[in-house]
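Beneath this line is the structure, given in C-alpha cells, with notes to follow.
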Amino acid sequence: MRHVLFVAFKLLLERKRQTLVSVVGVSIGVSAFIVMSSLMLGFQNYFIQQVIDLEPHIRIKPREEHQQVEATALLLGEKPRAKDRILGWQDLVQRLEDNSEVLGVAPRLVSRGILKYGVKDKPVTLLGIDPQREPKASVIERFLVHKNLRRLETNRTGVIVGALVAK
C-alpha cells in the first residue's frame with residue numbers, strides 16, 4: 001500500500017499543471033452534477049406535491065358497466081340512468097365526515113360539455129361542487145383570483161372559469 005501511495009504522489013507532483021487542470025475539471029463536473037441532481041429532485045418533489053394536492057386521494061364512483069350506446073343517444077344526449085348514480089350519497093358523505101381519520105369530503109358532479117363564445121367552441125369539463133365542503137377536501141381556493149368559494153353560495157348559477165378557457 002505504501003508503494004502505491006508513493007507512486008501516486010510522485011506522478012501527481014511531477015506534472016503539477018496537468019494535475020491542477022484535472023482536479024479543477026473533475027471538481028467542476030461533480031459540482032455541476034450535484035447542482036443538477038438537486039434541481040431535479042426539488043422539481044420532482046414539487047411536481048409530486050402539486051399532483052397530490054390537486055387530485056383527491058380517494059374517489060368514490062358508481063360501478064362502471066359496459067354499455068352499448070345508440071347513435072341517437074350520441075347525437076341527442078341521454079338522460080342519466082339509476083345505475084349512473086350513487087344512491088344514498090348523503091349518508092355516505094356524513095359517515096365519512098364523522099370519521100376522524102378523514103380530512104375532508106366533497107361531493108362532485110362531473111360532466112363534459114362544449115362552451116360557445118361567438119364562433120369559437122371549446123370542449124370543457126364541468127365540475128359541480130359544494131362550496132362549503134370543497135375547501136376542506138381540495139386546494140382549489142389557492143388558484144382562484146378572489147380566493148373564496150363562498151361567493152358561489154349566494155349565486156346558484158355562479159361559474160368559475162379556468163384561465164385557458166377564459167382566453
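Be aware that the sequence shown starts at 1, since it is given in my numbering, and climbs by one per residue.
Each residue gets a CB set at the ideal place from its N, CA and C atoms; glycine is no exception.
These numbers come from a predicted model, not from an experiment.
Among the options, nearest to residue i - alpha-carbon criterion
i            : options                          : result
valine 102   : Val93, Ala8, Lys167 and Val4     : Val93
leucine 87   : Ile60, Asp98, Ala8 and Val105    : Ile60
arginine 133 : Arg142, Glu55 and Leu149         : Leu149
lysine 147   : Val35, Thr154, Ile160 and Arg156 : Ile160
Helix, strand or coil at residue i [DSSP, three-state]
i              : result
isoleucine 129 : strand
leucine 103    : coil
glycine 29     : helix
leucine 149    : coil
isoleucine 174 : In the structure as shown, the chain starts at 1 and stops at 167, and residue 174 therefore has no counterpart that could be examined.
Same chain only: Cβ atoms within 6 Å of residue i, ignoring 5 sequence neighbours per side
i           : result
leucine 115 : Lys122 and Val124
Whether residue i touches residue j by CB criterion (8 Å)
i            : j           : result
arginine 85  : proline 62  : yes
proline 131  : leucine 144 : no
glutamate 97 : valine 105  : yes
Own chain, CB closer than 8 Å to residue i, minus 5 neighbours either side, in chain order
i             : result
methionine 40 : none
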